[in-house]
Structures are given as structure tokens and as C-alpha cells.
Amino acid sequence: MLVAWGEWMKVNTFDKKLFQLYHIIMSKLNLYKLQEKFGEIKKSIFTPQDLKLLFYANDRAINGFLTYNNKKGKILKLKKGLYGISKSNFSSNLIANLAYKPSYISFETALSYYHLIPETVYSIISATSKASREWNMQNTNYVYRSIKKEAYAGYIIKTIENEQVLIATPEKALADYCYFIYLGKIKEWNSRLELKDINLKKVKEYLKLFNNRKIINFIKKYLPQLCLIVNCLIG
1 MLVAWGEWMK
11 VNTFDKKLFQ
21 LYHIIMSKLN
31 LYKLQEKFGE
41 IKKSIFTPQD
51 LKLLFYANDR
61 AINGFLTYNN
71 KKGKILKLKK
81 GLYGISKSNF
91 SSNLIANLAY
101 KPSYISFETA
111 LSYYHLIPET
121 VYSIISATSK
131 ASREWNMQNT
141 NYVYRSIKKE
151 AYAGYIIKTI
161 ENEQVLIATP
171 EKALADYCYF
181 IYLGKIKEWN
191 SRLELKDINL
201 KKVKEYLKLF
211 NNRKIINFIK
221 KYLPQLCLIV
231 NCLIG
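Using UniProt numbering, you'd call the opening residue of the sequence shown number 1 and step up by one each time.
What follows is the structure, given as C-alpha cells:
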């Protein structure tokens, strides 16, 4: 019996420590309080830093709380440093903004959002001034395409799926798209892209941020669909 008890203690030492730590911090930080506070500010995705600011808890308490509730299935770990409350309706656009900073939604995802292309884009594609990245979270593919820091501009805050997210303006989304076609990282121009509501002068200004005159020559030679933009750029 003593041997069995000793073996149980060895196997469950980690669980016991988590359990003890969890109860120590229950008075300050618990799931009910978390749901209550996040409900007030309409938040379902958070970082450890958010908990620190809301509950004035230390790193040890926060890590214990997250580990315990993640193990119980009450909190989901979306990626390193990013969590969500289970059974919440997560905004994939907000996850895209938070999962890799700095970033804003752009390219085909933004063009589809503005109804400039007819296709539904299933990946969430963003621009970032950091290295390119791609991963899958909650059955959604997140793509981050690296652009020059000087070109990291032209985004706004919009309310999408009841969340405020950073997304490119229509003109910047098109400029980012053209730049990646020029780089050969987008293989084919979407011939069904609707340009009649695009402000061509703004596209011109955004393309200038990439500081590469070859883009203009490339568009003129290989993308006749963009003749209006080319005329604007060289005019």
C-alpha cells in the first residue's frame, strides 16, 4: 500500500503542484472573473500580459492559471503567448492581428473583403514588416507576407465580426498585391479584379513606398489589365 501511494505521488506530483498553485491564486484570478471582465470589454482572445494588467497577478500565478485551465480544456492555447476562452466565437481576423505583430490584413483577403475580387479567400493573408510566416490555428490558415518597413502603411481600423481589426485600405491591398506579383510570390494576376472604385492616385502613392521603379515597368509590360494604374503612375 505504501509503495502504491509512493508511486501515485510520483506520477501526480506535477498535477498536485498545479492544483495547489491554482487554489493559491483563485482569490485573485479565476475563470469566472476572467469571463466576467472579458465580457465587459468584449474580449475573447488574450495574452498573459492582458491578465497581468487586468488582475495585477505575477508571472508565476498567470502561468499556473493558464496551464491548469488549458489542461482542463477551459482555455485554449492558440499559439505561444496567445490564448482564448473555450467555446467562444473567435474572430479569425483578430487572431491574425494578434498572432504576429506588427501586421495588418491585406492582399487577397482584403481585396475579397472589399468585394474587389469575387472569390472567397479561405486563408487570412496579412502584411508584416517582420519575416514571412505561415501556420494553422483553429482550422484556419494564417499567412504573413513580409514587406519593406517603409511600405508598412495604408491600413485602418475596421469593425469586422464585432471586433476592431487592422486591415489595408482597398488601394494599399492592391499595391501590396501588385508588389508580390512583381516579386513572383503571387503567380497569377486575378483577371476578375474590379478596379472601377479604386483611387488610382492613392495606389500610385502606396507603390512609391516600395521605392522600386521596376515595378512600374513590370506592370506596364506584363499586366495590361492594370493599364489605368500604369497611366496614372507615369502621368
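We put the beta carbon where it would ideally sit given N, CA and C, even for glycine.
In this text the structure is predicted, and so the values were computed from the model without any measurement.
Suppose you measure from the CA of residue i to the CA of residue j; what does that come to, to the nearest Å?
i, j, result
"Leu2", "Glu134", "Only weak support exists for where Leu2 lies, its pLDDT of 44 falling under 50; the value from the coordinates is given anyway. Distance between the alpha carbons of Leu2 and Glu134: 51 angstroms."
"Met9", "Leu54", "Only weak support exists for where Met9 lies, its pLDDT of 48 falling under 50; the value from the coordinates is given anyway. Going from the Cα of Met9 to the Cα of Leu54 covers about 35 angstroms."
"Ile85", "Ala61", "18 angstroms"
"Tyr155", "Leu195", "19 angstroms"
"Cys178", "Ile219", "8 angstroms"
"Lys214", "Leu29", "56 angstroms"
"Asn136", "Asp50", "23 angstroms"
"Asn63", "Asn69", "10 angstroms"
"Ile160", "Lys52", "27 angstroms"
"Asn199", "His115", "15 angstroms"
"Asn139", "Asp197", "33 angstroms"
"Lys148", "Lys185", "15 angstroms"
"Tyr83", "Ser91", "13 angstroms"
"Tyr32", "Glu171", "44 angstroms"
"Leu183", "Lys221", "14 angstroms"
"Asp59", "Ile157", "31 angstroms"
"Ile41", "Ile95", "17 angstroms"
"Phe38", "Glu205", "40 angstroms"
"Thr169", "Thr67", "39 angstroms"
Of the residues the options, which one's Cα is nearest the Cα of residue i?
i, options, result
"Lys208", "Val143, Leu193, Ile198 and Glu150", "Glu150"
"Asn211", "Ala175, Ile124, Lys220 and Ser112", "Ala175"
"Tyr144", "Gln138, Ile124, Ala153 and Glu161", "Ile124"
"Lys202", "Glu188, Lys221 and Ala153", "Ala153"
"Lys87", "Lys204, Ser132 and Ser44", "Ser44"
"Trp189", "Tyr122, Thr169 and Glu108", "Glu108"
"Ser191", "Lys37, Lys101, Glu119 and Gly39", "Glu119"
"Pro102", "Tyr122, Thr169 and Ser132", "Ser132"
Kindly give me the distance between the Cβ atoms of residue i and residue j, rounded to whole angstroms, as I take these residues to be in contact under 8 angstroms.
i, j, result
"Pro48", "Gly73", "No, Pro48 and Gly73 are not in contact; Cβ-Cβ is about 19 angstroms, not under 8 angstroms."
"Tyr113", "Ile167", "7 angstroms"
Confirm, please, whether the CB-CB distance from residue j to residue i is below 9 angstroms.
i, j, result
"Asn217", "Glu163", "no"
"Lys130", "Ser146", "yes"
"Ala173", "Leu76", "no"
"Ala127", "Tyr142", "no"
"Leu193", "Ile117", "yes"
"Asn97", "Val165", "yes"
"Ala57", "Phe65", "yes"
"Lys71", "Ala99", "no"
Give a yes or no on whether 9 angstroms exceeds the smallest Cβ distance from residue i to chain C.
i, result
"Tyr104", "Here there is only one protein chain, and chain C is not present."
- Message: If we require 4 or more residues per run, which alpha helix (DSSP H) segments fall completely within the stretch 16–102?
- Response: 31–40, 48–55, 59–71 and 92–99
- Message: Please give me, in chain order, every unbroken run of the alpha helix (DSSP H) with length at least 4 that falls completely inside the stretch 164–211.
- Response: 170–183 and 200–208
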